[in-house]
Structures are given as structure tokens and as C-alpha cells.
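Residues 13 to 234, numbered by our numbering, are exactly what the sequence shown covers, in order.
We treat Cβ as the ideally placed atom computed from N, Cα and C, and that holds for glycine.
Just so it is clear, the structure is predicted and the values come from calculations on it, not from any experiment.
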Amino acid sequence: FASWILAADGAHSTARKTLNVDFPGSSFEKPWHLADLPLSTPFEEDLGHVLFLDGNRFIFFIRVIDDITEPPKQNPIWRVISPQENTLEEIADVEPAGAPIWKSAFHISHRINRQFQVGNVFFAGDAAHIHSPIGARGMNLGLEDANIFSRLVTSRQMRRYEDLRKTVDKGVVKKNRTVVANRPWRNSNEAPHMLGAIELARANSAVAPAISENCYRPGSFC
């Protein structure tokens, strides 16, 4: 038998449920929508982009790169994320250049384990914490968990894992929820000045400060 287990078995963690570890937090009722598809856009490919639309709406664009050795494509794949469906159709300068290669609808939750360790079982990644995709921290945060744990295993200091990771992970989840829940972009007249949301996203982002913000009104960018 293993002397310890690192449970990294996802948001619906069997290990967490089996050990009755509380997973407190909250969920948003309405789904968000995601699609990976080729786009013809005026966007810089090295940045993530968020557009704020009229009527309390917004849409994120994140470049999808399968192989960094490939030459640039004329119409590269972008990941499009929005709480609303079909917002892409309203943006004249952003046009699909082919069918989506993947589409999904998902619900956003912000939760973190009450415990990161039960006996010799330790929790990492989505098995320990979940939050919205804003800030691009989800996978990176889990990798950080695993990296710290591996170092503690090497130095035989695994008991320090919860103290080292829970505060960090909890802070990211809390700030991420603030970005989504407070929605400082709710007034479209404030769209060009979304400093609160953008700065919080950058503070939690693995790609900070590579986030470009703008607003879009029918027919043109602001």
C-alpha cells in the first residue's frame, strides 16, 4: 500500500467524498458558454482580450495554441467564453472562419476544501479548490499545489502542505469570486474604465498583465 496519496481527481473528487471533506462555497445558477473555433479578428494573438458589450454583457477571447513550433495560422483558434450565448454574432470585426472544434456550457462555482489533508491523503487542484476561468489560474494553481507537494515529499515535510497551500488557494478563489460576483462592468457606460475587474483578474492571472480590455458598441469598438 502507498504511504501517502495526493488526490488530484477533479472537482467531483471521489477521495474528497469518501473522506467526507466539506467543500464549502457557492455556485452561480446560470451556465457560461465556451467554444474553441477559428476566428478572423483584429486582436493581438499574444494577449487575452475581453470586450464589454451593451446590456450588461461581456465576452473573453483567449488564443489556443496546440504546438508552439507551428507557423502562425491565418485564422488561428481562439477560446471564446461568455455568460451569454451568441454574443459573438454581434461583433462585426470578429468573424468565425470555420466551425467550432469544441463547444461546452458549464456552471461556475467557487469552493475550497475545509481540509487539504486527512491522515495521509492530501488534496490538490480541482479536488481542493474550484473557481471561474477568469485570470487563467485554474490549471496553474493545481500545478503549483503539486509542485509544492513534491518538494515537501522530497524533504519529508508533507505535514506543512496544508499550511503552505490553503491560504494561497483560498485567496485566489476569493479574489476570483469577487471579479465575477461584483461585476463592476454592469453599467455599459462604464465599460471603458473596467479597472476593478481587470486589475483583480490581472492580480490572479498566470498571464498578467497580458489582458487587453475594450468595449464594443454595434458596429465599432469604443
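Rounded straight-line distance, which links the Cα of residue 19 to that of residue 128:
Roughly 10 Å between the two C-alpha positions.
In angstroms, rounded to a whole number, what distance separates the CA positions of residue 93 and residue 139?
Those two C-alpha atoms are separated by around 23 Å.
Which two residues bound the contiguous beta strand (DSSP E) that contains residue 115?
From DSSP, the beta strand (DSSP E) with residue 115 extends over 114–118.
Beta bridge counterpart(s) of residue 129 as assigned by DSSP
Bridge partners of residue 129: 134.
According to DSSP, is residue 77 helix, strand or coil?
Coil, per DSSP.
I need the DSSP call for residue 181, collapsed to helix, strand or coil.
Looking at residue 181 - three-state DSSP - the assignment turns out to be helix.
Environment of residue 113 [buried if 16+ CB atoms lie within 10 Å]
Exposed.
By the 10 Å Cβ neighbour count, where 16 or more other Cβ atoms means buried, how is residue 99 classified, buried or exposed?
Buried is the call here.
Is the beta carbon of residue 125 sitting closer than 9 Å to the one on residue 141?
Yes, these two residues count as a Cβ contact at 9 Å.
Would you call residue 178 buried or exposed, if buried means 16 or more other Cβ atoms sit within 10 Å of its Cβ?
Under this definition residue 178 is a buried residue.
Residue 37 versus residue 156: straight-line alpha-carbon distance, rounded:
Rounded to the nearest angstrom, the two C-alpha atoms are 22 Å apart.
In the DSSP assignment, the alpha helix (DSSP H) including residue 27 goes from what residue to what residue?
Element bounds for residue 27: 26–30.
Which residue comes first and which comes last in the beta strand (DSSP E) that contains residue 90?
Residue 90 -> beta strand (DSSP E) spans 89–94.
Drop a sphere of 10 angstroms on the beta-carbon of residue 188, count the other beta-carbons inside from all chains shown, and report buried for 16 or more, exposed for fewer.
By the neighbour-count rule (16 or more Cβ atoms within 10 Å), residue 188 is buried.
Would you mind working out which of 110, 145, 132 sits nearest residue 165, comparing C-alpha positions?
If we check each option's Cα against that of residue 165, 132 comes out closest.
Return the chain-ordered list of same chain residues with a C-beta closer than 7 Å to the C-beta of residue 42, the five sequence neighbours on each side being excluded.
Counting only Cβ-Cβ distances below 7 Å, and skipping sequence neighbours, we find 95.
Best match in 62, 106, 123, 174 for proximity to residue 9 [C-alpha to C-alpha]
Any question about residue 9 goes unanswered here, given that the chain covers just 13 to 234.
Cα-Cα separation, residue 63 to residue 169
Each residue's alpha carbon lies about 45 Å from the other.
Relative to the C-alpha of residue 109, which residue among 121, 86, 97 is closest?
That would be 86, whose Cα lies nearest to the Cα of residue 109.
Please report the straight-line C-alpha distance between residue 74 and residue 53, rounded to a whole angstrom.
For residue 74 and residue 53, the distance between alpha carbons rounds to 12 Å.
Can you say whether residue 171 is buried or exposed, counting buried as having 16 or more other CB atoms within 10 angstroms of its CB?
Result: exposed.
Own chain, CB closer than 7 Å to residue 176, minus 5 neighbours either side, in chain order
Closer than 7 Å at Cβ, skipping near neighbours: 160.
What is the rounded straight-line gap between the Cα of residue 60 and the Cα of residue 40?
Going by the C-alpha atoms only, they are around 24 Å apart.
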